[in-house]
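First the structure, in the form of structure tokens, and then the observations on it.
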RNA sequence: GGCCUCGUCGUCCAGCGGUUAGGACACAGCCCUUUCAAGGCUGAGACCGGAGUUCGAUUCUCCGCGGGGCUACCA
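Have a look at this one:
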């Protein structure tokens, strides 16, 4: 199928039973993109018909995820629209009415089989190596019998009559034609005993009422689509276009779930990923523009997206490439944007991954702006700002003695390098990168060391780490006074370590 | 077990009857370089198997194998 040219009405219809994971969010992404492309509507509907599994935090997380990813909705809870309410529990009566209409038209019936009886039935079938299937016994219950059961307080459900022969088929926009034999299906529940509808009934009624043109949902729904087709038939309405997108699997190839580590969009936010990068990356999981383009702005994805280029096969989620892409997005950001994004992460408490608590908050934005060019291209995650920049903000650093020597340097040589470095550091002026470099190169020659050998201990002494931005820019940004202190301090660390090991 | 579905480098994606099977991430080496990155170059790395169809199959069909999904008064 080629892309729709007229505006689509698509919905993201999560059930608030857990934090939505990225596989789930990706279908929202596809919906949103298609709505943008066709200038249609992206609708969010909360499917909270399972009262026992309802989770208010999950519902919050759903909207937070959408907002973080920039997937603005056109209609939905909190947003409004002409087809509300957009929460299924608030639409209960329409489902009840429809179920009763289906009974009246002979397409459905009340069933008073108890869960225990159902369980026993399945056990028997399993024992006889039959597929577990409801046997349709409720079809033969008289209204009187049902009424009796009702009075006795037995749970009453409504089931759809499924013909025992024939087949249904539909054309899925990504899979093509799919056919199911009706004899494989049993009479399934459409209205539960608490008078809440099952997903099957509810979503169809809502999609119909809300004018949904394309049902974009995960692959796991393919096997229940024949049920949905049957309900449409019984109701005398036309089914929408079906677009089943392949699942996203975890590293173990199983359907993504909590045990796969970070799987929700919000976790990626907290890990320091950028929404644009995640958006871009997720779109590429199960879809490609057809050429080798990978880094694409939102607008380009919107322009190029097409249903017929959605993949057939499930994708395994691997965040390595996402990290790379996040780095690309960070490098493409302006310094000011980066600072704005970085600040909240760096200002968290030390325990939460922020700068040492001794550093005053709010963080000095001007100073950050001064040093950010030194680390900009080195960052892959927003959370890395802290460890990459801490030594600029801290009062002092405390390198371990064994980290101070550079390659092929012993303690004595390291000390010699640092002592010489300290002397120069005290007097050198101006304290600017180019001048520092010239002076220190000259010093290296004078004390007969390779530049790298001299620089390495200085780097560790001034930053506390062996990996850091270019040394002389770094020193200049740290400032002469603190550099002197730090080198001096490092010499002390080296000497006391030597004294200890000499004992 | 039954039904549905998928099967190209470790991973994500190209390929839609004829290609030295392409790109990206990751990996290795080299270059650049005061470290780490970034960047450049190079390398290694895949058509699940078997039958058919065809002059010719990674591509089409069937079977097998493997993966996944569903098989609830959950969605």
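Residue numbers (the working numbering): 16 to 518. C-beta atoms are modelled at their ideal positions from N, C-alpha and C, and glycine is treated no differently.
Identity of the residues DSSP links to residue i by a beta bridge
i, result
"residue 183", "195"
"residue 109", "Answer is none; residue 109 lacks a bridge partner."
"residue 27", "59"
"residue 95", "91"
"residue 125", "173"
"residue 257", "187 and 230"
"residue 331", "264"
"residue 212", "206"
"residue 279", "36"
"residue 302", "325"
"residue 310", "Note: residue 310 sits in no beta bridge, so no partner."
"residue 102", "61"
"residue 465", "Residue 465 is not bridged to any residue."
Inter-residue spacing [alpha-carbon to alpha-carbon] between residue i and residue j
i, j, result
"residue 394", "residue 196", "55 Å"
"residue 433", "residue 467", "13 Å"
"residue 378", "residue 364", "12 Å"
"residue 426", "residue 372", "33 Å"
"residue 361", "residue 370", "5 Å"
"residue 490", "residue 80", "41 Å"
"residue 180", "residue 326", "33 Å"
"residue 111", "residue 66", "16 Å"
"residue 225", "residue 25", "9 Å"
"residue 151", "residue 315", "52 Å"
"residue 277", "residue 283", "7 Å"
"residue 412", "residue 309", "41 Å"
"residue 347", "residue 408", "25 Å"
"residue 162", "residue 153", "13 Å"
"residue 503", "residue 442", "14 Å"
"residue 483", "residue 392", "12 Å"
"residue 515", "residue 501", "21 Å"
"residue 116", "residue 28", "25 Å"
"residue 445", "residue 312", "44 Å"
"residue 462", "residue 337", "47 Å"
"residue 160", "residue 173", "14 Å"
"residue 30", "residue 410", "50 Å"
"residue 356", "residue 414", "29 Å"
"residue 84", "residue 182", "41 Å"
"residue 45", "residue 436", "58 Å"
"residue 149", "residue 178", "13 Å"
"residue 168", "residue 136", "21 Å"
Burial state of residue i, where buried means 16 or more other Cβ atoms lie within 10 Å
i, result
"residue 134", "exposed"
"residue 35", "buried"
"residue 255", "buried"
"residue 329", "buried"
"residue 71", "exposed"
"residue 14", "Outside the shown range of the chain, which is 16 to 518, sits residue 14, and nothing can be said about it."
"residue 339", "exposed"
"residue 108", "exposed"
"residue 124", "buried"
"residue 103", "buried"
"residue 238", "exposed"
"residue 295", "buried"
"residue 155", "exposed"
"residue 143", "exposed"
"residue 252", "exposed"
"residue 64", "buried"
"residue 507", "exposed"
Residues of its chain near residue i, where Cβ-Cβ distance is below 8 Å and the 5 sequence neighbours each way are ignored
i, result
"residue 23", "49, 50, 53, 55, 56, 228 and 229"
"residue 130", "170"
"residue 509", "416, 419, 426, 429, 430 and 433"
"residue 368", "360, 398 and 401"
Any non-hydrogen atom of the ligand SAM within 7 Å of residue i CB
i, result
"residue 218", "As presented, the structure is devoid of all ligands, the ligand SAM included, so that no description of it is given."
Beta-carbon contacts of residue i that lie in its chain and below 6 Å, excluding the five residues immediately before and after
i, result
"residue 89", "56 and 57"
"residue 342", "395"
"residue 470", "486"
"residue 345", "394"
Cutoff 7 Å; reference residue i; Cβ partners in own chain excluding five residues on either side
i, result
"residue 165", "171"
Open item on the list: Could you check whether the segment 16 to 30 touches the segment 318 to 326, counting it as contact only if at least three pairs of C-beta atoms, one from each stretch, sit closer than 8 Å?
Closed with: yes
Open item on the list: Tell me whether the segment 255 to 275 and the segment 185 to 193 touch, counting them as touching only if at least three CB pairs, one residue from each stretch, are closer than 8 Å.
Closed with: yes
TODO: Evaluate the contact criterion for the segment 472 to 484 versus the segment 417 to 426: three or more CB pairs, one atom per stretch, below 8 Å.
DONE: The segment 472 to 484 is in contact with the segment 417 to 426.
- [ ] State whether the segment 210 to 218 contacts the segment 235 to 247, with contact taken as three or more CB pairs (one from each stretch) at a distance under 8 Å.
- [x] yes
Task: Validate contact between the segment 264 to 272 and the segment 198 to 212 using beta carbons, cut 8 Å, 3 pairs - done: no
Task: Contact the segment 382 to 389 vs the segment 479 to 497: 3+ CB pairs below 8 Å - done: yes
TODO: Examine the Cβ distances between the segment 40 to 49 and the segment 288 to 308 and report whether three or more of them are shorter than 8 Å.
DONE: yes
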